[in-house]
Amino acid sequence: MRIIKANDYADMSRKAANVLSAQVILKPNSVLGLATGSTPLGMYRQLIEWHRKGDIDFSEVTTINLDEYIGLAPRHPQSYRWFMDNNLFRHINIKPANTHVPDGLEPDEARESSRYEALIQGCGGIDMQLLGIGHNGHIGFNEPGAAFEKNTHRVPLTDTTIHANSRFFPDGDVPREAYTMGIRSIMQARRILVVVSGKSKAEIARRAFFGAVTPQIPASVLQLHNNVTLVGDAEALSLY
Ligand code: PGA
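So, in structure tokens, the structure goes:
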């Protein structure tokens, strides 16, 4: 695991954007696995800025997102499709048809799982997968205890996630399930870029990346991947 220690969130965002843009510059038709959450936002803003300056061209890039809530339409403001469109895709020159997020409106798990895996394989696999990690060590919606051998599948959200999300759903209609790439799909990416920021992530970063590999901390499996770059700010890496 290559560890890049940044001073603060802005520095982490710039360093992570550097790694991802190097991937795109060296392979313009890269397949990028992307993630939502607050951690990658600064990195996405940096990529948008460099794109506007003419330094990165996304015209041949394909993106495949990690996860999506079940039951939310793409135009729902809490959907991950909406998040990606508004925080990245519509600000860069990526072709909308080359951006992929699981279909939260597909009720048939087997159908959506096999469609998504076929999509990943059909693109030739993921060149670089971006990941944030949850406070409990989750990656995507692979929560503690998740089997390492799963591909894209349907998962119930944990009570803490449902509770944390409820503030975004004033009508009380909080999603209770999601589609997520499984640990197996994530581990098949050729390169993995993990971003982690802030004091509240220091303990889980220490356990995930410098402790035992265990399904109880899903991100710990990344220690078994042969090409992981971890970009963390000083607070998040303070215990390592
Ligand atoms: P965060 O989420 O970037 O908002 O901390 C990370 C995650 O839960 O995967």
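Heads up: the sequence shown begins at 202 in our numbering, then just goes up one per residue.
Don't be surprised by glycine CBs; every beta carbon is placed ideally from N, CA and C.
| message | Beta-carbon distances below 5 Å to any heavy atom of ligand 1 define the shell here; list its residues in chain order, please. | response | The answer, residue by residue, is GLY238, SER239, THR240, GLY333 and GLY335.
| By Cβ distance, which residues of its chain are closer than 6 Å to GLU261, with the 5 residues on each side in sequence left out? | Only PRO229 and ASN230 meet the Cβ criterion.
| said: Taking 8 Å as the threshold (C-beta atoms), are VAL302 and PHE352 in contact? | reply: Going by the sequence as given, residue 352 is Asn instead of Phe. For ASN352 and VAL302, no; Cβs fall outside 8 Å.
| query | Less than 8 Å separating the beta-carbons of PHE342 and THR300? | reply | Against a cut-off of 8 Å, the Cβ pair of THR300 and PHE342 comes out as no contact.
| Limits of the beta strand (DSSP E) - the one that ALA207 falls within | Looking at the DSSP string, the run of the beta strand (DSSP E) that includes ALA207 is 203-207.
| said: Taking the beta carbon of ASP256 as the centre, do at least 16 other beta carbons fall within 10 Å, making it buried, or is it exposed? | reply: Flag for ASP256 reads exposed.
| task | Please confirm whether LEU306 and THR264 have their CB atoms less than 8 Å apart. | result | The answer is no: Cβ separation not under 8 Å.
| said: With three or more C-beta pairs closer than 8 Å as the rule, is the segment 216-225 touching the segment 375-389? | reply: Output reads no: the segment 216-225 does not touch the segment 375-389.
| Taking the C-alpha atoms as reference points, what is the distance between GLN330 and ARG408? | Their backbone Cα atoms lie some 21 Å apart in a straight line.
| message | Looking at the strands, I want to know which residues DSSP matches up with ASN219. | response | DSSP lists no bridge partner for ASN219.
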